[in-house]
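Shown next, in structure tokens, is the structure this report addresses.
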Amino acid sequence: MASVTGDDILLSATGLTKTFGDFRAVDGIDFAVRKGEAFGFLGPNGAGKSSTMRMVGCVSPVSGGELRLFGLDPATDGPAIRARLGVVPQRDTLDEELTVEENLWIYGRYFGLSRREVRSRAAELLDFAQLTDRAGDRVEPLSGGMKRRLTIARSLINSPEILLLDEPTTGLDPQARHVLWDRLFRLKRSGVTLVLTTHYMDEAEQLCDRLVVMDHGKIVAEGSPRQLIEEYSTREVLELRFDAEDHKDFAEQVTGIGKRVEVLPDRLLVYTDDGDEAAAVVHSRGIAPLSSLVRRATLEDVFLHLTGRTLVD
Amino acid sequence: MSATAATPSAASRLARLVPMPAGAGLARMLVERNVTSFRHGWIALVTGFAEPVFYLFSIGVGIGALVQTVRTDSGAEVGYLQFVAPALLAASAMNGAVMDSTFNVFFKLRYAKLYDSVLATPMGPRDIAVGEISWSLIRGGMYSALFLLVAAFAGAVQSWWALLALPAAVFIGFAFAAVGMFATTFMRSWVDFDYITLAIQPMFLFSATFFPLSTYPAALQWVVQLTPLYHGVALERGLMLGEVDAGIFWHVLYLVVLGALGVLGTARRLEKLLLS
Chain A
1016 MASVTGDDIL
1026 LSATGLTKTF
1036 GDFRAVDGID
1046 FAVRKGEAFG
1056 FLGPNGAGKS
1066 STMRMVGCVS
1076 PVSGGELRLF
1086 GLDPATDGPA
1096 IRARLGVVPQ
1106 RDTLDEELTV
1116 EENLWIYGRY
1126 FGLSRREVRS
1136 RAAELLDFAQ
1146 LTDRAGDRVE
1156 PLSGGMKRRL
1166 TIARSLINSP
1176 EILLLDEPTT
1186 GLDPQARHVL
1196 WDRLFRLKRS
1206 GVTLVLTTHY
1216 MDEAEQLCDR
1226 LVVMDHGKIV
1236 AEGSPRQLIE
1246 EYSTREVLEL
1256 RFDAEDHKDF
1266 AEQVTGIGKR
1276 VEVLPDRLLV
1286 YTDDGDEAAA
1296 VVHSRGIAPL
1306 SSLVRRATLE
1316 DVFLHLTGRT
1326 LVD
Chain B
511 MSATAATPSA
521 ASRLARLVPM
531 PAGAGLARML
541 VERNVTSFRH
551 GWIALVTGFA
561 EPVFYLFSIG
571 VGIGALVQTV
581 RTDSGAEVGY
591 LQFVAPALLA
601 ASAMNGAVMD
611 STFNVFFKLR
621 YAKLYDSVLA
631 TPMGPRDIAV
641 GEISWSLIRG
651 GMYSALFLLV
661 AAFAGAVQSW
671 WALLALPAAV
681 FIGFAFAAVG
691 MFATTFMRSW
701 VDFDYITLAI
711 QPMFLFSATF
721 FPLSTYPAAL
731 QWVVQLTPLY
741 HGVALERGLM
751 LGEVDAGIFW
761 HVLYLVVLGA
771 LGVLGTARRL
781 EKLLLS
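Going line by line, the protein sequences match chains A and B. Sequence positions in the first sequence follow the working numbering and run 1016 to 1328. Sequence positions in the second sequence follow the working numbering and run 511 to 786.
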């Protein structure tokens, strides 16, 4: 694993572990995040991403190993660390008894900011979240995308140095996701360090400079999305679908084509550097799939290769 | 790394000795949040105020017309309205505190997930416990003040000591809000709220509220004297009838100790529930 060192490290973990009884949710992971970086935890549900995020957010005590944020220990300096973090939880926890702008004001007050400060900051953030015209409305009738943007605006009220996002776009429609990604890009460009979890490979590819792939509480790979694809996959993938209950039966027929074949319940994935050429070979062998599709390899392929499972069931 | 684990810093060792979970001294921000929310739903103030006033007129004035006078435990002969008004003040302080610290807190804890977002800020479990209970006291204090005014107009107040009935009501609210919130942290669903009713209703009826302690069988008197509402009622009655003696101090002490234990227990439970 590439070691990350230097003075600009804001967040680091060594042998970080979280146990609940006998269950090891996070099983001795190492990682470090530099200032200004967008760092991701990619993995399926139950991989230990959220447990890791809760420890980093200083709301869940570390069971073992070492965790440092801004050089401080969450066990002793939790409030001081949290004052410098922004947190976007997996599920929106907006205050539905308050209006949109009151949500920002009151949340800012939880950080001990003055009324004057939170009002001017809230006005900027409403603009950033494209919610200025809804400022006086109740939260409840807002759309899912609007609520998410308000949650992100709320997390920025204390001008955090690190923004923690736990599955930021889960449950949003494609258009709302793109709006959100655009907002997160802007934040990153303004120098905010992003730490996020996701089980969407397109999100990881869109947002992350560097990521770790987690499975069963462990880190199984680390790198930039491009590095990971280069290292654990081929450039292209040929997807073949057959008229069959079990695609295993067809795996033998394509043996030797491409570098590797993965069998999924509903299709075969042929890993190759030239998808069109592989498709031609399939055709020349007289194999007739219902459909064949050539695409670029993604992080989904990396995950499949590393764990033998798909990310989203 | 293992070295830091083996020799914890002085600060973390101290934190382990003190049983009170951490706070950032920001409890007032949660009060501010509740005030802001309350502005949208001020109708709740009307209902919270109306209930004890209805009791005052139906029981105090209505039943009072039949009962005429009562001999208090200190031996004085007083009108039934004057006898029952302090008890209703104590009971309303209890009810207000319990409603707020159980139903409202349960909703915020389990459904609105309010405290999850609060704990992501520098605020800690202690701030939440202190903030919510303080808010209960402020709200309960408003009800009590209004009730006292109505009671004074109805002729139920006889002594200048009654001015202290308001702070006394705040002590009652403190004890019940703190214990109520502590109990709420154990609730699994709305069904569990029947236990609250089960505890509150007999206390409301049998804490020497509507008839003096001397009318209870001797064997039951000590049971009555163990309940927190008995101490609240005795405290208010002493003040509003002007029968002030050293016993007042013990009533206050009982309520304060109960409240302090409730705050501590609440903060520890919140830490266990939300910071795992």
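The C-beta atom is built at its ideal place from N, Cα and C for all residues, glycine as well.
Check: Looking at C-beta atoms only, is the number of pairs between the stretch 1108–1116 of chain A and the stretch 1068–1080 of chain A that lie closer than 8 Å three or more?
Finding: Cβ pair count under 8 Å is below three, so no.
Notebook entry, point to check: Out of curiosity, what's the CA-to-CA distance linking Ile-1177 (chain A) and Thr-1166 (chain A)?
Noted result: Straight-line spacing of the CA atoms in Ile-1177 (chain A) and Thr-1166 (chain A) works out to 15 Å.
Check: For Met-511 (chain B), does the three-state DSSP call read helix, strand or coil?
Finding: A caution first: Met-511 (chain B) carries a pLDDT of 36, below 50, which makes its placement in the model unreliable, though a value can still be read off. When secondary structure is reduced to three states using DSSP, Met-511 (chain B) falls in the coil class, being assigned neither helix nor strand.
Check: The alpha helix (DSSP H) spanning Glu-781 (chain B) covers which residue range?
Finding: For Glu-781 (chain B), the enclosing alpha helix (DSSP H) stretches over residues 757–784.
Check: For Ala-1259 (chain A), which of helix, strand or coil comes out of DSSP?
Finding: Looking at Ala-1259 (chain A) - three-state DSSP - the assignment turns out to be coil, as it is neither helix nor strand.
Check: Met-652 (chain B) by DSSP, collapsed to three states: which one?
Finding: Looking at Met-652 (chain B) - three-state DSSP - the assignment turns out to be helix.
Notebook entry, point to check: Does Pro-632 (chain B) get closer than 8 Å to chain A when you measure Cβ to Cβ?
Noted result: Output row for Pro-632 (chain B): interface = yes.
Check: Can you round the beta-carbon distance between Val-571 (chain B) and Pro-722 (chain B) to whole angstroms, since I take them to be within the 8 Å contact cut?
Finding: The Cβ separation is near 19 Å, so there is no contact.
Next item on the list: Measure the C-alpha to C-alpha separation of Ala-1017 (chain A) and Ala-1047 (chain A) and round it to an integer number of angstroms.
Entry: Residue placement at Ala-1017 (chain A) is flagged as unreliable, the pLDDT there being 47, under the threshold of 50; the coordinate-derived value follows with that caveat. Spanning the two alpha carbons is a distance of roughly 10 Å.
Margin query: Contact criterion: CB-CB distance below 8 Å. Does Pro-1094 (chain A) meet it with respect to chain B?
Written below: Contact of Pro-1094 (chain A) with chain B is assigned, a C-beta pair being separated by under 8 Å.
Check: So Met-691 (chain B) and Ala-639 (chain B) are in contact, right, with Cβ under 8 Å, and what is the actual spacing, rounded?
Finding: About 7 Å separates the two Cβ atoms, so the contact holds.
Notebook entry, point to check: Ala-688 (chain B) and Gly-772 (chain B) look like a contact to me (Cβ under 8 Å); what is the Cβ gap, rounded to whole Å?
Noted result: The pair is a contact, with the Cβ atoms about 3 Å apart (cut-off 8 Å).
Notebook entry, point to check: Taking 8 Å as the CB-CB limit, is Thr-1108 (chain A) close to chain B?
Noted result: The C-beta of Thr-1108 (chain A) comes closer than 8 Å to at least one C-beta of chain B.
Checklist line | Cβ distance (whole Å) where Leu-783 (chain B) is taken to contact Thr-695 (chain B) below 8 Å | finding: Contact holds; Cβ gap of about 6 Å.
Next item on the list: Name the two residues that bound the continuous alpha helix (DSSP H) containing Leu-629 (chain B).
Entry: That run of the alpha helix (DSSP H) goes 624–629.
Notebook entry, point to check: Would you say Leu-1113 (chain A) reaches chain B, if we count a Cβ-Cβ gap shorter than 8 Å as a contact?
Noted result: The Cβ of Leu-1113 (chain A) sits closer than 8 Å to at least one Cβ of chain B.
Note to self: Using DSSP's beta-bridge definition, name the partner residues of Thr-1032 (chain A).
What the structure shows: Its beta-bridge partners are A:Asp-1042, A:Gly-1079.
Check: Cα separation between Glu-1237 (chain A) and Leu-1243 (chain A)?
Finding: In this structure, the CA atom of Glu-1237 (chain A) is about 7 Å from the CA atom of Leu-1243 (chain A).
Checklist line | For Ala-534 (chain B) and Asp-484 (chain B), believed in contact at Cβ under 8 Å, the rounded distance | finding: One cannot answer for residue 484 (chain B) here, as it falls past the ends of chain B, which runs 511 to 786.
Check: For Phe-861 (chain B), which option in B:Ala-664, B:Met-652, B:Met-609 has the closest C-alpha, if you only look at C-alpha atoms?
Finding: Residue 861 (chain B) cannot be examined here, being either before or after the span of chain B that is shown, 511 to 786.
Check: Can you tell me where the alpha helix (DSSP H) with Met-713 (chain B) in it begins and where it stops?
Finding: From DSSP, the alpha helix (DSSP H) with Met-713 (chain B) extends over 703–716.
Note to self: For Gly-1030 (chain A), which residues in the same chain have their Cβ closer than 6 Å to its Cβ, ignoring the five residues on either side in sequence?
What the structure shows: Excluding positions up to five away in sequence, the list reads Gly-1043, Gly-1080.
Check: Among all the DSSP beta bridges, which residues are the ones paired with Thr-1322 (chain A)?
Finding: Beta-bridge partners assigned by DSSP to Thr-1322 (chain A): none are found.
Next item on the list: For Ser-786 (chain B), return the contacting residues in chain A, with the cut-off set at a CB-CB distance below 7 Å.
Entry: Within chain A, the residues near Ser-786 (chain B) are Ser-1075.
Check: Can you list the residues of chain B that Glu-1176 (chain A) reaches, using a CB-CB cut of under 9 Å?
Finding: None at all; the shortest Cβ gap to chain B is about 14 Å.
Notebook entry, point to check: Is the beta carbon of Ala-1053 (chain A) less than 8 Å from the beta carbon of Cys-1223 (chain A)?
Noted result: Yes, Cβ-Cβ distance for Ala-1053 (chain A) and Cys-1223 (chain A) is below 8 Å.
Next item on the list: Could you list which residues in chain A have their beta carbon closer than 7 Å to that of Thr-557 (chain B), in chain order?
Entry: The premise fails here: Thr-557 (chain B) is roughly 17 Å from chain A at the closest Cβ pair, so nothing lies under 7 Å.
Note to self: Here's the rule: buried if 16 or more other CB atoms are within 10 angstroms of the residue's CB, otherwise exposed. What is Ala-516 (chain B)?
What the structure shows: Residue confidence is low: Ala-516 (chain B) scores 44 on pLDDT, short of 50, so the model does not pin down where it sits. Its coordinate-derived value is still stated next. Under this definition Ala-516 (chain B) is an exposed residue.
Item checked: Arg-1278 (chain A), enclosing beta strand (DSSP E) - first and last residue -> Correcting the residue type first, residue 1278 (chain A) is Val in the shown sequence and not Arg. Per DSSP, Val-1278 (chain A) is one residue of the beta strand (DSSP E) stretching across 1275–1278.
Margin query: If you measure between the beta carbons of Arg-1250 (chain A) and Leu-1305 (chain A), is that distance less than 8 Å?
Written below: The answer is no: Cβ separation not under 8 Å.
Item checked: Amino acids of chain B, ordered along the chain, whose beta-carbon sits closer than 8 Å to that of Ile-1121 (chain A) -> Under the 8 Å cutoff, chain B gives Met-539, Glu-542, Arg-543, Thr-546.
Checklist line | Residue from A:His-1231, A:Ile-1024, A:Leu-1087 with nearest C-alpha to Phe-1056 (chain A) | finding: Out of A:His-1231, A:Ile-1024, A:Leu-1087, A:His-1231 has the C-alpha closest to the C-alpha of Phe-1056 (chain A).
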